[in-house]
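Before any comments, here is the structure.
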DNA sequence: ACGTAGCTTATACAAGTGTCTAAATTTAAA
DNA sequence: TTTAAATTTAGACACTTGTATAAGCTACGT
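Protein chains in written order, with our numbering: chain A, 1 to 187; chain B, 1001 to 1187.
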């Protein structure tokens, strides 16, 4: 990402970021990521290519920024309650809520983008990386003789696997049932 | 893939496929996948671009073919012994052996290609897809109230997770120790 | 309200991509 | 060894990509 997200953006920068963000999501609801070109993104957003490249390295970078915005709510705060042993469930629920809230968008995107294609993979990987980082720093849930990092990776993957199952493979499942799957798979 | 792998290739086709295969692996030992162009592949292989596109859709397609060749040994045969409950371990071991045999190649590739970049992701996903298919058809290992497909996916992910840990994140681990991890994580 | 720092924009460039054609060559099988 | 079918190849085409430059515009803090 060329643009520095850590500093507060100017009004203009915010307009530009929002425009590209919305164009990308809108295009993804219409066609596959592979068939979207930077040229097209710029034509739709009504910005010149030079502006696009002021902010992003390429279209992969933009789509990552989209994930960043969509998933912002995961980390709103560190966990406020004492680091309980169901920390895992708390983060699972946050992700569940995000997926649920964006279900319609997700359905549209899935019409044009293969489940195991570049786009969806990049989305899942983005979320997985966040969870790994969180769990790597604090994860009550452990097993004897298994390295912590491995354990954290395994938890992240399992959380994401169940969310994929429900929201990408579209097997409607209540939160309660999902919790049962989580417990069963992680024991 | 433009070329039909199911039919037996002519002598020329085999030469061509092998040449591109070897060029790709050789280039990956020298530089990152992102910086390899179809032009370069052709220059090194000494084939015109038209020939490349006779066989492959693009460089992603070629790299997938490379995984196909490298992983051919996984499915050499269906499991000969009665479908035991450690079917999972059998396939784990096959993968372990493949990784171990290609350790040097892998190390070179990892020097130029990020662990979570496009290339390695595509490799892991290729293997994961194979395992999912195998496990989906026959998996003795189950848990009550967890859908079979979800269970199969979870097993594939866990198998691959441990192999990533050992061979990509480079934490040398004996097969026996690896089996313990597998048992601990899958219970 | 002003000036400067930071953005935006027009334009150009070298390189890569994927497709197509028609001619040259190779191949499998008789 | 010959031949018909299949492949390879050179070259061209329209398009995308990422970078760079210099001129113009905006808006923030004073």
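C-beta: ideal position from N, C-alpha, C; glycine also.
Compare the beta carbon distance of residue 1140 (chain B) and residue 1087 (chain B) with 8 Å and say whether it is the shorter of the two. yes
Under 8 Å, do residue 1069 (chain B) and residue 1122 (chain B) count as touching if we go by C-beta distance? no
From what residue to what residue does the alpha helix (DSSP H) around residue 1142 (chain B) run? Note, residue 1142 (chain B): premise wrong, no alpha helix (DSSP H); not H, not E.
Just confirm the distance between the C-beta atoms of residue 1001 (chain B) and residue 1061 (chain B), as a whole number of angstroms; I'd bet it's less than 8 Å. 6 Å
Just to confirm, is the Cβ distance from residue 93 (chain A) to residue 175 (chain A) under 8 Å? yes
I'd like to know if the segment 1160 to 1168 of chain B and the segment 1109 to 1127 of chain B are in contact, where contact means that at least 3 CB-CB pairs between them fall below 8 Å. yes
Through-space distance from residue 1049 (chain B) to residue 1182 (chain B), alpha-carbon basis: 45 Å
Answer with yes or no whether the minimum CB distance from residue 13 (chain A) to chain B is below 8 Å. no
Checking contacts by CB at 8 Å: is residue 100 (chain A) closer than that to chain B? no
Neighbouring residues, chain A, relative to residue 1159 (chain B) (Cβ below 9 Å): In chain order: nothing, as chain A lies at least about 11 Å away.
Cβ of residue 159 (chain A) within 8 Å of Cβ of residue 95 (chain A)? yes
Nearest neighbour of residue 1039 (chain B), chosen from B:1030, B:1029, B:1053 [CA to CA]: B:1053
Grab me the residues of residue 1056 (chain B)'s own chain with a C-beta within less than 8 Å of its C-beta, minus the 5 sequence neighbours each way, in chain order. 1001, 1002, 1003, 1020, 1062, 1065
What beta strand (DSSP E) runs, 3 residues minimum, are completely inside the segment 57 to 112 of chain A? none
Do residue 58 (chain A) and residue 118 (chain A) have their C-beta atoms closer together than 8 Å? no
What is the rounded straight-line gap between the Cα of residue 15 (chain A) and the Cα of residue 133 (chain A)? 30 Å
How many whole angstroms separate the CB atoms of residue 1131 (chain B) and residue 1091 (chain B), which I take to be in contact at a CB cut-off of 8 Å? 7 Å
Proximity test, Cβ basis, 8 Å: residue 1067 (chain B) and chain A: no
Give, in chain order, every residue of the segment 142 to 156 of chain A whose Cβ lies closer than 7 Å to some Cβ of chain B. 143, 145, 146, 150, 153, 154
Quick one: Cα of residue 28 (chain A) to Cα of residue 116 (chain A), how far? 15 Å
Could you name the residues of the same chain whose beta carbon sits closer than 8 Å to that of residue 1169 (chain B), not counting the 5 residues immediately before and after it, in chain order? 1115
Whose C-alpha, out of B:1185, B:1138, B:1120, is nearest the C-alpha of residue 148 (chain A)? B:1185
Just to check my reading of the structure: residue 1180 (chain B) and residue 1157 (chain B) have Cβ atoms closer than 8 Å, yes? What is that Cβ distance to the nearest angstrom? In fact, because the Cβ distance is near 18 Å, the residues do not count as touching under 8 Å.
Indicate whether at least one CB of chain B lies closer than 8 Å to the CB of residue 37 (chain A). no
Quick check on this structure: which residue in A:46, A:47, A:99 has the alpha carbon closest to the alpha carbon of residue 72 (chain A)? A:99
Alpha-carbon spacing of residue 1041 (chain B) relative to residue 1113 (chain B), whole angstroms: 17 Å
Is any beta-carbon of chain B found at less than 8 Å from that of residue 181 (chain A)? yes
Are the Cβ atoms of residue 46 (chain A) and residue 1187 (chain B) separated by less than 8 Å? no
Compare the C-beta of residue 1184 (chain B) with all C-beta atoms of chain A and state if any pair is closer than 8 Å. yes
Out of curiosity, what's the CA-to-CA distance linking residue 1102 (chain B) and residue 1005 (chain B)? 23 Å
Do we get a CB-CB distance below 8 Å when we pair residue 121 (chain A) with the residues of chain B? yes
Mapping DSSP to helix, strand and coil, what is residue 12 (chain A)? helix
Span separating the alpha-carbon of residue 137 (chain A) from that of residue 97 (chain A): 23 Å
State buried or exposed for residue 1018 (chain B), treating a residue as buried only when at least 16 other CB atoms are found within 10 Å of its CB. exposed
Cut-off 7 Å between Cβ atoms - residues of its own chain near residue 1173 (chain B), not counting five sequence neighbours on either side: 1166
What is the DSSP secondary structure of residue 1036 (chain B), reduced to helix, strand or coil? coil
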